[in-house]
Amino acid sequence: MGKILGIVNQKGGVGKTTTAINLSACLALDGLKILLVDCDPQANASSGLGVQRDDNRNSIYDVLTGDATAAQVLLPTEIANLTLLPGSKNLTGANIELANAEDRALRLRKALEAVQKDYDLVVLDCPPALDLLTLNSLAAADSLIVPMQAEYFALEGISELVSTLERVRGAFNPRLTIEGVLLTMYDDRTNLAQQVTETLREFFKDRLFRTVIPRNIRLAEAPSHGKPVALYDARSRGTEAYFELAAEYMERNKIPNPKAEARKAAMEEAQTSGKTGKTVRFWPYA
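Take 0 as the starting number for the sequence shown in numbering that gives the first Met the number 0 and just add one per residue.
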């Protein structure tokens, strides 16, 4: 049965949805079967994969309220190995509608059990709040990736998140762990970024990902075209960074990744051919 990975941080604007979309896409392009679940009422993970908002279409909201099963709501994407369970603005009401339900924190875990076995990995894009939707994600997940910027206020937020995780472990999900902390929108030219990185490395040690996600205009542009950055611009720094993150994730979880070697060889050939004037198409288009 596929592992469930939550992308979570109660602070907004740290690159959660960008990471959920692009890590899912890169893992799928590397050969894994991925299900991306959009748990955010803003439904940006859905629109970022080209699925337009439609209030009449079933979504994860209908799954959580019991009006549909997860299998009935799944949507294909442009990437063959990547499937989407779309979000909806109706999710805002779920926090209120499920408040008195006995199993309110376990609805997502139970809903995913029927489809989890069909995927190598289920990725949850969580909302930027410690609400009932995030609690459902934490109760369902096996591990978490915490995206954060290298800023002082981010350090304050991470301590609150770790405290929440301890409470969730005790009440609902003892297997929950932090897979890693991921630095996003990173600018290594600033002293602050380097100081925050060192502080995080001291606290999280090897749980801090080696890969960092740089500030990159292509990453910012890709959602407006309804594409992961790997399909929008295969040569961009953002694409390279998320493929490196996918490779690091697979390495940590001892998942074979033969396509990473093929991609590395293609990039080396492209660099060599650039010197001789030959035109080479970059993976995954080559």
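We treat Cβ as the ideally placed atom computed from N, Cα and C, and that holds for glycine.
When the Cα atoms are used, what is the spatial distance from residue i to residue j?
{"i": "residue 28", "j": "residue 180", "result": "23 Å"}
{"i": "residue 100", "j": "residue 156", "result": "29 Å"}
{"i": "residue 291", "j": "residue 16", "result": "Examination of residue 291 is not possible in this model, given that the chain is present from 0 through 285 alone."}
{"i": "residue 22", "j": "residue 102", "result": "30 Å"}
{"i": "residue 78", "j": "residue 196", "result": "34 Å"}
{"i": "residue 93", "j": "residue 132", "result": "8 Å"}
{"i": "residue 75", "j": "residue 83", "result": "6 Å"}
When we look at the beta-carbon of residue i and count the other beta-carbons within 10 Å, is it buried (16 or more) or exposed?
{"i": "residue 48", "result": "buried"}
{"i": "residue 151", "result": "exposed"}
{"i": "residue 51", "result": "exposed"}
{"i": "residue 278", "result": "Because the pLDDT at residue 278 is just 47, under 50, the model does not fix this residue reliably, and the value given afterwards should be weighed accordingly. With fewer than 16 other Cβ atoms within 10 Å, it is exposed."}
{"i": "residue 135", "result": "buried"}
Given a cut-off of 7 Å on the beta-carbon distance, is the pair residue i and residue j in contact?
{"i": "residue 86", "j": "residue 42", "result": "yes"}
{"i": "residue 91", "j": "residue 129", "result": "no"}
{"i": "residue 192", "j": "residue 153", "result": "no"}
{"i": "residue 137", "j": "residue 167", "result": "yes"}
{"i": "residue 228", "j": "residue 244", "result": "no"}
{"i": "residue 139", "j": "residue 6", "result": "no"}
{"i": "residue 211", "j": "residue 185", "result": "yes"}
{"i": "residue 246", "j": "residue 259", "result": "yes"}
{"i": "residue 120", "j": "residue 1", "result": "yes"}
Check for me: the alpha helix (DSSP H) holding residue i runs from which residue to which?
{"i": "residue 62", "result": "59-63"}
{"i": "residue 71", "result": "69-72"}
Hey, is residue i's beta-carbon within less than 7 Å of any beta-carbon in chain B?
{"i": "residue 6", "result": "Of the chains in the structure shown, none is chain B; there is only one protein chain."}
Determine the extent of the beta strand (DSSP E) in which residue i is found, giving its start and end residues.
{"i": "residue 1", "result": "Taken as a continuous stretch (DSSP letters only), residue 1 belongs to no beta strand (DSSP E), as it is neither H nor E."}
Given the structure, does residue i come close to the ligand GTP, in the sense that its CB is under 6 Å from one of the ligand's heavy atoms?
{"i": "residue 137", "result": "Although the ligand GTP was asked about, the structure shown includes no ligands whatsoever."}
task: Give, in chain order, every unbroken run of the alpha helix (DSSP H) that is at least 4 residues long and sits entirely within the region 74-161.
output: Qualifying alpha helix (DSSP H) stretches, in chain order: 90-96, 106-111 and 131-139.
message: Extract the residue ranges of the alpha helix (DSSP H) inside the region 163-231, only unbroken runs of 4 or more that lie entirely within it.
response: The qualifying runs are 190-203, 216-220 and 228-231.
- prompt: What runs of the alpha helix (DSSP H), each 4 residues or longer, lie entirely inside the region 1-44?
  reply: The qualifying runs are 15-28.
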